[in-house]
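Visitor: One structure, pasted below without further comment.
2 protein chains.
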Amino acid sequence: MTAVSVTHESPSRERIETNILVAAEQVFSQHGYRGASLQVIADQAGLPKANILYYMGSKQALYVRLLNRMMRRWNEVLEDITPDSDPATVLSDFIRTKMVLGQRYPEGSKLFAAEILAGAPFLSDYLAGELRDWVASRAAIIRQWSDQGKMDAVDPRWLIFLIWSATQHYTEYSAQVSGILGRDALTDDDLESISTFLEHVILKGCGVTLPAPKPNTDACRVDK
Amino acid sequence: MTAVSVTHESPSRERIETNILVAAEQVFSQHGYRGASLQVIADQAGLPKANILYYMGSKQALYVRLLNRMMRRWNEVLEDITPDSDPATVLSDFIRTKMVLGQRYPEGSKLFAAEILAGAPFLSDYLAGELRDWVASRAAIIRQWSDQGKMDAVDPRWLIFLIWSATQHYTEYSAQVSGILGRDALTDDDLESISTFLEHVILKGCGVTLPAPKPNTDACRVDK
DNA sequence: GATTGTGCTGACCGATCGGTCAATATACGT
DNA sequence: ACGTATATTGACCGATCGGTCAGCACAATC
Numbered sequence: 001m002t003a004v005s006v007t008h009e010s011p012s013r014e015r016i017e018t019n020i021l022v023a024a025e026q027v028f029s030q031h032g033y034r035g036a037s038l039q040v041i042a043d044q045a046g047l048p049k050a051n052i053l054y055y056m057g058s059k060q061a062l063y064v065r066l067l068n069r070m071m072r073r074w075n076e077v078l079e080d081i082t083p084d085s086d087p088a089t090v091l092s093d094f095i096r097t098k099m100v101l102g103q104r105y106p107e108g109s110k111l112f113a114a115e116i117l118a119g120a121p122f123l124s125d126y127l128a129g130e131l132r133d134w135v136a137s138r139a140a141i142i143r144q145w146s147d148q149g150k151m152d153a154v155d156p157r158w159l160i161f162l163i164w165s166a167t168q169h170y171t172e173y174s175a176q177v178s179g180i181l182g183r184d185a186l187t188d189d190d191l192e193s194i195s196t197f198l199e200h201v202i203l204k205g206c207g208v209t210l211p212a213p214k215p216n217t218d219a220c221r222v223d224k
Numbered sequence: 001m002t003a004v005s006v007t008h009e010s011p012s013r014e015r016i017e018t019n020i021l022v023a024a025e026q027v028f029s030q031h032g033y034r035g036a037s038l039q040v041i042a043d044q045a046g047l048p049k050a051n052i053l054y055y056m057g058s059k060q061a062l063y064v065r066l067l068n069r070m071m072r073r074w075n076e077v078l079e080d081i082t083p084d085s086d087p088a089t090v091l092s093d094f095i096r097t098k099m100v101l102g103q104r105y106p107e108g109s110k111l112f113a114a115e116i117l118a119g120a121p122f123l124s125d126y127l128a129g130e131l132r133d134w135v136a137s138r139a140a141i142i143r144q145w146s147d148q149g150k151m152d153a154v155d156p157r158w159l160i161f162l163i164w165s166a167t168q169h170y171t172e173y174s175a176q177v178s179g180i181l182g183r184d185a186l187t188d189d190d191l192e193s194i195s196t197f198l199e200h201v202i203l204k205g206c207g208v209t210l211p212a213p214k215p216n217t218d219a220c221r222v223d224k
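Each protein sequence line maps, in turn, to chains A and B.
full-length UniProt numbering puts the first residue of the first sequence at 1, with every later residue one more than the last.
full-length UniProt numbering puts the first residue of the second sequence at 1, with every later residue one more than the last.
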């Protein structure tokens with residue numbers, strides 16, 4: 001719309017908004033909606049408080065904008081699967097994608113977690129709508145895999161929840177995990193080790209038969 | 001110390017404190033430490049705000065008391081295991097006990113979750129001390145099981161985290177789970193179904209060989 | 001009946017909350 | 001140079017925050 005102009009390098013509206021969103025995501029994810037304060041967010045962003053409200057309108061608008069942004073990120077990685085897809089690769093991809101997502105957007109994931117903990121006051125529609133449909137469609141396909149004898153006859157919903165919980169744990173409970181491991185943060189080796197472990201246990205636990213043994217054989221290695 | 005007295009049946013200090021603790025647990029678990037307000041807790045408990053402070057001293061004292069209470073409950077169910085214990089029964093008991101614990105103390109579990117999300121400011125010592133030792137001792141035993149060929153050579157820490165996350169999910173994400181399932185709450189049948197599923201996947205996924213099928217099946221009764 | 005100790009709470013404190021607004025500063029078209 | 005639109009923010013608002021305290025209610029002791 002407006003010309004690019006920028007004679008003097010003013011931080012451009014988009015950059016400022018991103019700056020605010022990043023700061024707000026940190027604060028909201030730690031203290032939840034009610035526990036977060038605009039003053040703290042403003043300090044984190046290095047701006048006066050009134051500036052936050054000028055760009056975001058209100059605390060609630062800022063919060064739902066963050067939630068929507070996180071939902072968009074989430075939707076970007078929802079690949080499509082069919083009954084003909086190979087369960088092993090799909091489940092494996094699912095696990096690894098979720099692990100990566102949590103590592104890429106730790107604050108966003110924690111934001112979601114805090115919202116759910118509070119009873120999902122802003123997300124109830126999404127949970128009972130979009131997300132429920134997504135789970136239902138995936139569950140139907142997994143059930144077909146069971147019927148076709150490609151895996152054990154487990155309840156697909158519990159399987160989906162298992163993968164969600166097991167992967168999310170390492171981002172949302174990072175304080176607990178690193179406290180117990182005695183480390184500040186998880187290394188890349190840790191993440192690879194965890195992903196391989198989850199792959200091994202969940203696939204084997206569901207009786208997923210491996211597809212034609214492609215050159216990629218170490219999908220189920222247990223070692224570090 | 002003081003005589004029991006109580007000529008007139010005043011609600012007895014203990015009953016009042018319990019009442020406050022229950023109300024506070026609900027509010028703190030939903031909104032975290034900073035997001036909770038003494039006024040809301042007082043309303044929930046049906047008492048004037050000043051009364052909360054009279055009994056509990058301060059917001060922080062009330063909060064840490066709730067955390068300690070929850071840690072005590074948790075410790076009560078930490079059974080002892082040895083390298084000679086049977087992995088299948090131990091892991092099975094572990095899964096079912098954690099499921100029951102989450103169902104019995106949903107608010108307490110959420111309180112913990114909120115505290116971890118906030119970065120565990122009040123629990124860092126516990127995580128890096130007691131809990132770390134507990135994990136380390138369990139991990140050592142599980143590793144021995146692997147060495148003895150009783151199960152696959154999985155990283156014991158990841159296995160413990162897996163069981164924690166998978167079981168906690170249903171209490172801490174209850175809003176998400178019921179939103180997706182389209183139900184207000186999980187039924188007893190749901191819980192049994194989930195427990196059986198987790199048992200199946202995790203035991204099989206770790207290559208745990210089943211022991212002699214004992215008749216003792218209800219080792220984890222839920223009763224009050 | 002006066003005294004004492006404890007349970008209890010309305011009123012109040014300074015600080016902080018989310019949000020508004022008027023005033024100022026800056027950029028751009030003419 | 002001027003006018004207009006937008007960007008910025010200090011000052012302020014009523015509400016609420018955690019916490020204090022004086023004072024009332026009341027039962028037990030003397």
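For glycine and all other residues, C-beta sits at the position ideal for the given N, C-alpha and C.
For Q26/B and T209/A, what's the separation of their Cα atoms in angstroms?
Guide: For the purposes of this step, residue 26/B is taken as residue 26 along the second sequence, with counting starting at 1. For the purposes of this step, residue 209/A is taken as residue 209 along the first sequence, with counting starting at 1. If I take the Cα positions, the gap works out to 45 Å.
Visitor: So the candidates are E199/B, V177/B, A42/B and Y173/B; which of them puts its Cα closest to the Cα of L111/B?
Guide: Mapped onto the second sequence, residue 111/B falls at position 111. Considering only alpha carbons, the answer is Y173/B.
Visitor: Are A153/A and S146/A close, meaning C-beta to C-beta below 7 Å?
Guide: Position 153 of the first sequence, counted from the first residue, corresponds to residue 153/A. Position 146 of the first sequence, counted from the first residue, corresponds to residue 146/A. Yes.
Visitor: Is there a C-beta anywhere in chain A that falls below 7 Å from the one on Q26/B?
Guide: As a position in the second sequence, residue 26/B is number 26, starting the count at 1. Cβ-Cβ to chain A under 7 Å: no for Q26/B.
Visitor: What in chain B is Cβ-close to V154/A, meaning under 9 Å?
Guide: For the purposes of this step, residue 154/A is identified with residue 154 of the first sequence, where counting begins at 1. F197, H200 and V201, listed in chain order.
Visitor: Below 8 Å on C-beta distance, what does G182/A contact in chain B?
Guide: Translated into positions along the first sequence, residue 182/A becomes position 182. Chain-order list of chain B residues neighbouring G182/A: A128 and R132, by C-beta distance under 8 Å.
Visitor: To the nearest angstrom, how far is the alpha carbon of A118/B from that of R157/A?
Guide: Position 118 of the second sequence, counting from 1, holds the residue named residue 118/B. Position 157 of the first sequence, counting from 1, holds the residue named residue 157/A. Each residue's Cα considered, the two are about 29 Å apart.
Visitor: Please say whether S58/A and E107/A have beta carbons closer to each other than 7 Å?
Guide: By one-based count along the first sequence, residue 107/A stands at place 107. By one-based count along the first sequence, residue 58/A stands at place 58. No. Outside cutoff.
Visitor: So which residues on chain A does E172/B lean against when the C-beta distance must stay under 7 Å?
Guide: If you number the second sequence from 1, residue 172/B lands on position 172. Simply L117.
Visitor: Going by the CB atoms, is the gap between I163/A and I81/A shorter than 7 Å?
Guide: Position 81 of the first sequence holds residue 81/A. Position 163 of the first sequence holds residue 163/A. For I81/A and I163/A, no; Cβs fall outside 7 Å.
Visitor: So what does DSSP say about P106/B, is it helix, strand or coil?
Guide: Position 106 of the second sequence, counting from 1, holds the residue named residue 106/B. In the structure shown, P106/B sits in a helix (DSSP, three-state: H, G or I).
Visitor: Grab me the residues of S178/A's own chain with a C-beta within less than 8 Å of its C-beta, minus the 5 sequence neighbours each way, in chain order.
Guide: In the first sequence, residue 178/A corresponds to position 178, counting from 1. Contacts found: D184, A185 and L186.
Visitor: Chain A beta carbons: is any one of them nearer than 7 Å to that of G179/B?
Guide: Along the second sequence, read from residue 1 onward, the residue named residue 179/B stands at position 179. It does: the Cβ of G179/B has a partner Cβ on chain A nearer than 7 Å.
Visitor: Using a C-beta cutoff of 7 Å, does E161/B count as contacting chain A?
Guide: What you label residue 161/B is simply residue 161 of the second sequence in a count that begins at 1. According to the sequence as given, residue 161/B is Phe; it is not Glu. It does; some Cβ of chain A falls within 7 Å.
Visitor: Would you check if the distance between the CB atom of L62/A and the CB atom of A24/A is smaller than 7 Å?
Guide: Reading the first sequence from its first residue, position 62 is the one you call residue 62/A. Reading the first sequence from its first residue, position 24 is the one you call residue 24/A. In contact: L62/A and A24/A (Cβ atoms closer than 7 Å).
Visitor: Do the CB positions of S109/B and G102/B come within less than 7 Å of each other?
Guide: The residue labelled residue 109/B in the question sits at position 109 within the second sequence. The residue labelled residue 102/B in the question sits at position 102 within the second sequence. Yes.
Visitor: What's the C-alpha gap between C206/B and G205/A?
Guide: Along the second sequence, one-based indexing puts residue 206/B at 206. Along the first sequence, one-based indexing puts residue 205/A at 205. The straight-line gap from Cα to Cα measures roughly 7 Å.
Visitor: Rounded to whole angstroms, what is the Cα-Cα separation between S165/B and Q168/A?
Guide: On the second sequence, position 165 is the one that residue 165/B refers to. On the first sequence, position 168 is the one that residue 168/A refers to. S165/B and Q168/A: Cα-Cα distance of roughly 8 Å.
Visitor: Interface residues of chain B around I194/A at Cβ under 7 Å?
Guide: The residue given as residue 194/A occupies position 194 in the first sequence. W158, listed in chain order.
Visitor: Hey, could you find the ends of the alpha helix (DSSP H) Y33/B is sitting in?
Guide: The residue you call residue 33/B lines up with position 33 of the second sequence. R13 to G35 is the span of the alpha helix (DSSP H), which, as asked, contains Y33/B.
Visitor: Of the residues D125/A, K150/A, I116/A and E14/A, which one's Cα is nearest the Cα of D86/A?
Guide: Here residue 86/A corresponds to residue number 86 of the first sequence, with the count starting at 1. Measuring from the Cα of D86/A, the nearest candidate turns out to be K150/A.
Visitor: What whole-angstrom Cβ distance do A128/B and G182/A have, given they're in contact under 8 Å?
Guide: Numbered from its first residue, the second sequence carries residue 128/B at position 128. Numbered from its first residue, the first sequence carries residue 182/A at position 182. Indeed they touch by this definition, with Cβ atoms about 7 Å apart.
Visitor: C220/A CB to nearest chain B CB: under 7 Å?
Guide: Here residue 220/A corresponds to residue number 220 of the first sequence, with the count starting at 1. The pLDDT assigned to C220/A is 46, lower than 50, so where the model puts this residue is not dependable; a value taken from the coordinates is nonetheless given after this. It does not: the Cβ of C220/A has no partner Cβ on chain B nearer than 7 Å.
Visitor: Under three-state DSSP, which class holds Y170/B?
Guide: By 1-based counting over the second sequence, the position of residue 170/B is 170. Helix.
Visitor: Would you list, in chain order, the members of the region 89-112 of chain A that have their beta-carbon closer than 7 Å to a beta-carbon of chain B?
Guide: K110
Visitor: Nearest to L131/B by CA position, among I160/A, I142/A, I180/A and E14/A, is which residue?
Guide: Within the second sequence, numbered from 1, the residue matching residue 131/B stands at position 131. Comparing alpha carbon positions, the residue from I160/A, I142/A, I180/A and E14/A closest to L131/B is I180/A.
Visitor: Residues in the same chain with beta-carbon distance under 7 Å from I16/A, minus the five sequence neighbours each way, listed in chain order, please.
Guide: Taking the first residue of the first sequence as position 1, residue 16/A is located at position 16. Excluding sequence neighbours, I16/A sits near Y55.
Visitor: Near A36/A, what residues of its chain come up, given a Cβ to Cβ distance below 6 Å and the 5 sequence neighbours on each side ignored?
Guide: Looking up residue 36/A in the first sequence gives position 36. Answer for A36/A: V27 and F28, listed in chain order.
Visitor: How would you list, in chain order, the residues of chain A whose beta-carbon sits under 7 Å from the beta-carbon of Q60/B?
Guide: Position 60 of the second sequence, counted from the start, is the residue given in the question as residue 60/B. Result: empty, since nearest Cβ-Cβ is about 14 Å, beyond 7 Å.
Visitor: Apart from the five residues just before and just after P48/A, which ones in its own chain have a Cβ nearer than 8 Å to its Cβ?
Guide: Counting from 1 along the first sequence, the entry for residue 48/A is found at position 48. Only A42 meet the Cβ criterion.
Visitor: Considering just the uninterrupted stretch of the alpha helix (DSSP H) at F197/B, what are its terminal residues?
Guide: As a first step, residue 197/B must be located in the second sequence, where it is residue number 197. From DSSP, the alpha helix (DSSP H) with F197/B extends over D188 to G205.
Visitor: Assign residue 226/B to one of two classes, buried (16 or more other C-beta atoms within 10 Å of its C-beta) or exposed (fewer than that).
Guide: Lying before the first or after the last residue shown, residue 226/B is absent from chain B, which here runs from 1 to 224.
Visitor: Does G179/B come out as helix, strand or coil in the three-state DSSP assignment?
Guide: Here residue 179/B refers to the residue found at position 179 when the second sequence is read from its first residue. If DSSP states are grouped into helix, strand and coil, G179/B belongs with the helices.
Visitor: Compute the Euclidean distance between the alpha carbons of D21/B and L78/A, then round it to the nearest angstrom.
Guide: Stepping through the second sequence from its first residue, residue 21/B is reached at position 21. Stepping through the first sequence from its first residue, residue 78/A is reached at position 78. The sequence as given places Leu at residue 21/B; Asp does not occur at that position. Each residue's Cα considered, the two are about 42 Å apart.
Visitor: Taking buried to mean at least 16 other C-beta atoms within 10 Å of its own C-beta, is E76/A buried or exposed?
Guide: Working through the first sequence from its first residue, we reach residue 76/A at position 76. Label assigned to E76/A: exposed.
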